[in-house]
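Numbering (this note's numbering), first residue to last: 191 to 300.
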Amino acid sequence: MIQIFGVKNCNDTKKTIRFFKDRKINIQFINLKEKEISKGELRSITKTFDIEELLDRKGKEFKKRNLEYYIFDTLELLMESPTLFKTPILRVKDRVTLGYQPKIWKQWIK
191 MIQIFGVKNC NDTKKTIRFF KDRKINIQFI NLKEKEISKG ELRSITKTFD
241 IEELLDRKGK EFKKRNLEYY IFDTLELLME SPTLFKTPIL RVKDRVTLGY
291 QPKIWKQWIK
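Here's what the structure looks like:
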């Protein structure tokens with residue numbers, strides 16, 4: 191099963207969902223505004239990406255909170271505020287992508 195972690199109003203998340211629906215591939219969408227990523231899921235994702243790569247430093251939420259001026263524990267911050275994740279995070283078994291990556295996904299579904 192393909193898991194997509196994101197928020198509904200994110201354009202890249204919308205494009206990712208559309209990519210798989212257009213190909214009639216079932217997905218499981220996890221809206222980070224409604225359900226947080228579990229520690230187990232996060233551990234699985236951080237096998238591919240460093241925790242710092244998962245933080246969306248260019249996003250509206252990060253800027254709104256003025257976080258560029260603070261020192262913080264990234265893991266703790268992401269667990270408290272899942273809307274600070276770079277999205278979409280796509281996971282299929284042990285493979286993970288971050289952001290809109292159709293070239294990679296096309297190779298996976300061949």
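Every residue, glycine too, gets a C-beta built ideally from N, C-alpha and C.
When the beta-carbon positions are compared, residue 241 and residue 218 stay at least 8 Å from each other. In the DSSP assignment, residue 285 forms a beta bridge with 282.
With a cutoff of 8 Å on beta-carbon distance, residue 294 and residue 215 are scored as not near each other.
With 16 or more neighbouring CB atoms inside 10 Å of its own CB, residue 196 falls in the buried class.
The C-beta distance from residue 245 to residue 235 rounds to 12 Å, too long to fall under 8 Å, and the pair is not in contact. The Cβ atoms of residue 259 and residue 202 lie no closer than 8 Å to each other. DSSP places residue 291 in no alpha helix (DSSP H); its state is neither H nor E. In this structure, the straight-line span from the alpha carbon of residue 269 to that of residue 284 is close to 21 Å. Where residue 230 is concerned, the enclosing alpha helix (DSSP H) starts and stops at 229-235.
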